[in-house]
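If you're matching positions, the sequence shown starts at 0 in numbering that gives the first Met the number 0 and goes up one per residue. Even glycine gets a Cβ: it sits at the ideal position worked out from N, Cα and C. No experiment lies behind these values; they were computed from the predicted model shown. Accompanying notes for the structure given below.
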Amino acid sequence: MTGPVDTSAPDGTESPHPVTGLDDVVHQRVRLGILTIAHEARRVEFGYLRTQLELTAGNLSQHLGVLETAGLVEVEKGYAGKRGRTWITLTPAGHAALAAEIARLKQLIARVETSNVQ
Numbered sequence: 000m001t002g003p004v005d006t007s008a009p010d011g012t013e014s015p016h017p018v019t020g021l022d023d024v025v026h027q028r029v030r031l032g033i034l035t036i037a038h039e040a041r042r043v044e045f046g047y048l049r050t051q052l053e054l055t056a057g058n059l060s061q062h063l064g065v066l067e068t069a070g071l072v073e074v075e076k077g078y079a080g081k082r083g084r085t086w087i088t089l090t091p092a093g094h095a096a097l098a099a100e101i102a103r104l105k106q107l108i109a110r111v112e113t114s115n116v117q
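What follows is the structure, given as structure tokens:
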């Protein structure tokens with residue numbers, strides 16, 4: 000087993016715990032799922048998100064509203080043939096927020112994996 004994790008910053012001061020950097024808008028399970036799926040595709044259709052995340056249309060709409068208000072996704076309404084469709088794409092801010100969240104989660108995982116808890 001290794002010793003305690005060094006949490007000091009380069010200047011010798013104690014750095015905050017990585018959990019303090021998690022973004023409540025991004026970190027919520029459904030919203031993290033939306034961002035992750037949207038990151039994997041150029042744009043993703045509402046129905047696909049609803050199915051993959053096992054949500055009702057209303058619940059998904061609420062989460063998309065939060066992400067859209069935060070500027071992390073763009074919601075585009077249009078038609079595929081005669082059927083109305085809604086597509087979701089990540090904004091540059093959405094890509095940055097997802098990357099920052101993943102980086103913080105990796106820091107948390109590293110702390111757990113290197114701690115000497117038995």
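Since residue i contacts residue j with CB under 8 Å, what's their CB separation in whole angstroms?
i	j	result
residue 33	residue 63	7 Å
residue 26	residue 89	Going by Cβ atoms, the distance from residue 26 to residue 89 rounds to 16 Å, so no, they are not a contact pair.
residue 35	residue 97	7 Å
residue 85	residue 76	5 Å
Counting only the same chain and skipping the five closest in sequence on each side, list residues whose C-beta sits under 6 Å from that of residue i.
i	result
residue 94	none
residue 91	none
residue 103	17, 20 and 21
residue 43	36, 37 and 87
Please confirm whether residue i and residue j have their CB atoms less than 7 Å apart.
i	j	result
residue 52	residue 29	yes
residue 59	residue 66	no
I'd like the list of long-range same chain contacts for residue i, defined as Cβ closer than 8 Å, with 5 residues on each side in sequence excluded.
i	result
residue 8	Because residue 8 sits at a pLDDT of 47, beneath the cut-off of 50, its placement in the model cannot be relied upon, and the point is left open.
residue 72	33, 34, 37, 63, 66, 87, 88, 89, 90 and 93
Write down every uninterrupted run of the beta strand (DSSP E) in the region 29-57 whose length is 3 residues or greater and which is fully enclosed by it, in chain order.
-> none
Taking only runs that begin and end inside the region 51-108, name each unbroken alpha helix (DSSP H) of 4 or more residues, in chain order.
-> 56-68
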